[in-house]
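Reviewing the structure listed below.
In the UniProt record's numbering, the protein residues as written are 1 to 133.
This is the structure:
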(Lines of atoms letter the chains of each structure in order from A and count residues from 1; the text may use other names and numbers.)
(Lines give C-alpha, C1' and ligand atoms only; values in the text may rest on other atoms or scores of the structure.)
Protein backbone atom coordinates (compact mmCIF):
# COMPACT_ATOMS: atom_id res chain seq x y z
CA UNK A 1 0.00 0.00 0.00
CA UNK A 2 2.89 2.36 0.74
CA UNK A 3 4.35 1.79 -2.74
CA UNK A 4 1.00 2.59 -4.35
CA UNK A 5 0.72 5.73 -2.24
CA UNK A 6 4.22 6.82 -3.33
CA UNK A 7 3.36 6.28 -6.99
CA UNK A 8 0.29 8.47 -6.60
CA UNK A 9 2.43 11.37 -5.41
CA UNK A 10 5.26 10.95 -7.94
CA UNK A 11 5.32 13.26 -10.96
CA UNK A 12 4.43 11.28 -14.05
CA UNK A 13 7.15 12.75 -16.26
CA UNK A 14 10.22 14.93 -15.84
CA UNK A 15 12.29 16.50 -18.52
CA UNK A 16 12.50 17.04 -21.43
CA UNK A 17 15.81 15.29 -22.09
CA UNK A 18 17.83 14.94 -25.27
CA UNK A 19 17.98 11.52 -26.93
CA UNK A 20 21.66 10.59 -27.37
CA UNK A 21 21.14 7.45 -29.44
CA UNK A 22 18.72 4.73 -30.35
CA UNK A 23 20.06 1.48 -28.92
CA UNK A 24 17.39 -0.85 -30.30
CA UNK A 25 13.98 -0.70 -31.92
CA UNK A 26 12.34 0.27 -28.60
CA UNK A 27 15.30 1.36 -26.42
CA UNK A 28 16.83 4.85 -26.16
CA UNK A 29 19.74 6.40 -24.29
CA UNK A 30 19.00 9.87 -22.88
CA UNK A 31 21.29 12.71 -21.83
CA UNK A 32 20.44 13.16 -18.15
CA UNK A 33 21.75 16.02 -15.96
CA UNK A 34 24.26 15.41 -13.16
CA UNK A 35 21.50 15.71 -10.56
CA UNK A 36 20.05 12.44 -11.90
CA UNK A 37 23.38 10.61 -11.93
CA UNK A 38 21.89 7.77 -9.86
CA UNK A 39 19.32 7.05 -12.57
CA UNK A 40 20.24 4.65 -15.39
CA UNK A 41 20.17 6.58 -18.69
CA UNK A 42 18.72 3.83 -20.94
CA UNK A 43 14.91 3.67 -21.22
CA UNK A 44 12.34 1.50 -22.95
CA UNK A 45 10.04 3.49 -25.21
CA UNK A 46 7.06 2.67 -22.95
CA UNK A 47 8.69 4.80 -20.21
CA UNK A 48 9.09 7.82 -22.49
CA UNK A 49 6.57 10.40 -23.61
CA UNK A 50 6.82 12.68 -26.59
CA UNK A 51 7.77 16.17 -25.45
CA UNK A 52 4.63 18.24 -24.99
CA UNK A 53 4.33 21.93 -25.76
CA UNK A 54 2.04 22.42 -22.73
CA UNK A 55 4.47 23.91 -20.19
CA UNK A 56 2.13 23.23 -17.25
CA UNK A 57 2.72 19.49 -17.65
CA UNK A 58 6.52 19.77 -17.50
CA UNK A 59 8.15 19.70 -14.07
CA UNK A 60 11.36 21.81 -14.10
CA UNK A 61 14.37 19.85 -12.92
CA UNK A 62 15.29 22.55 -10.38
CA UNK A 63 12.01 21.96 -8.52
CA UNK A 64 12.45 18.20 -8.25
CA UNK A 65 13.66 16.87 -4.91
CA UNK A 66 14.54 13.20 -4.52
CA UNK A 67 15.49 11.18 -1.46
CA UNK A 68 18.12 8.42 -1.08
CA UNK A 69 15.83 5.87 -2.78
CA UNK A 70 15.38 8.30 -5.73
CA UNK A 71 11.72 8.88 -4.81
CA UNK A 72 10.17 12.30 -5.32
CA UNK A 73 9.70 14.43 -2.21
CA UNK A 74 6.47 16.39 -1.94
CA UNK A 75 5.14 18.40 0.98
CA UNK A 76 1.61 18.27 2.34
CA UNK A 77 -0.49 21.43 2.08
CA UNK A 78 -3.12 20.67 4.72
CA UNK A 79 -4.98 18.05 6.68
CA UNK A 80 -8.49 18.02 5.24
CA UNK A 81 -10.23 15.80 7.78
CA UNK A 82 -9.69 13.07 10.33
CA UNK A 83 -11.43 9.71 10.72
CA UNK A 84 -10.93 6.53 12.74
CA UNK A 85 -10.78 3.21 10.91
CA UNK A 86 -12.25 0.41 13.00
CA UNK A 87 -10.51 -2.96 12.71
CA UNK A 88 -11.41 -6.12 14.64
CA UNK A 89 -9.05 -5.50 17.53
CA UNK A 90 -7.99 -1.89 17.14
CA UNK A 91 -8.81 1.58 15.87
CA UNK A 92 -6.47 3.43 13.51
CA UNK A 93 -6.68 7.24 13.21
CA UNK A 94 -6.52 8.25 9.54
CA UNK A 95 -6.18 11.74 8.05
CA UNK A 96 -6.95 12.90 4.54
CA UNK A 97 -3.99 14.96 3.28
CA UNK A 98 -3.97 17.43 0.38
CA UNK A 99 -0.49 17.55 -1.19
CA UNK A 100 1.24 20.47 -2.93
CA UNK A 101 1.55 19.33 -6.52
CA UNK A 102 2.10 20.96 -9.91
CA UNK A 103 -0.43 18.53 -11.41
CA UNK A 104 -3.29 19.99 -9.39
CA UNK A 105 -4.92 18.94 -6.13
CA UNK A 106 -3.98 15.46 -4.98
CA UNK A 107 -5.27 13.85 -1.82
CA UNK A 108 -4.32 10.66 -0.03
CA UNK A 109 -5.31 9.00 3.22
CA UNK A 110 -2.43 8.51 5.65
CA UNK A 111 -1.98 7.19 9.17
CA UNK A 112 -2.23 10.07 11.61
CA UNK A 113 0.70 8.93 13.79
CA UNK A 114 3.06 8.77 10.80
CA UNK A 115 1.97 12.19 9.54
CA UNK A 116 2.40 13.72 13.02
CA UNK A 117 5.93 12.33 13.17
CA UNK A 118 6.93 13.66 9.72
CA UNK A 119 4.90 16.90 9.64
CA UNK A 120 4.09 18.06 13.20
CA UNK A 121 3.43 21.63 12.03
CA UNK A 122 0.21 20.47 10.33
CA UNK A 123 -1.26 19.44 13.68
CA UNK A 124 -0.58 22.61 15.67
CA UNK A 125 -3.80 24.28 16.70
CA UNK A 126 -3.91 27.99 17.36
CA UNK A 127 -6.76 29.40 19.39
CA UNK A 128 -7.67 33.06 19.19
CA UNK A 129 -9.61 34.30 22.20
CA UNK A 130 -11.76 37.34 21.63
CA UNK A 131 -11.88 39.74 24.55
CA UNK A 132 -15.35 40.82 25.55
CA UNK A 133 -15.80 44.57 25.68
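No residue lacks a Cβ here, since even glycine has one placed at the ideal position from N, Cα and C.
Shown here for residue 81: same chain residues with a beta carbon closer than 6 Å to its own, the five before and five after excluded, namely 96 in chain order. The Cβ-Cβ distance between residue 64 and residue 14 falls below 8 Å. Counting along the chain, residue 114 sits inside the alpha helix (DSSP H) bounded by residues 112 to 118.
Note on geometry: alpha-carbon atoms of residue 99 and residue 33 lie some 27 Å from one another. Per DSSP, the unbroken beta strand (DSSP E) holding residue 21 starts and ends at 18 to 24. Boundaries cannot be given for residue 13, as no beta strand (DSSP E) includes it and DSSP labels it neither H nor E. In the three-state DSSP reduction, residue 62 falls in the helix class (H, G or I).
Of 121, 44, 111 and 77, the smallest CA-CA separation from residue 92 is found for 111. Secondary structure of residue 30 (DSSP, three-state): strand. Residue 20 sits away from residue 39, with the two beta carbons spaced by 8 Å or more. The shortest C-alpha to C-alpha distance from residue 30 to any of 117, 41 and 74 is the one to 41.
Residue 39 carries a coil assignment under DSSP once its states are collapsed to helix, strand and coil.
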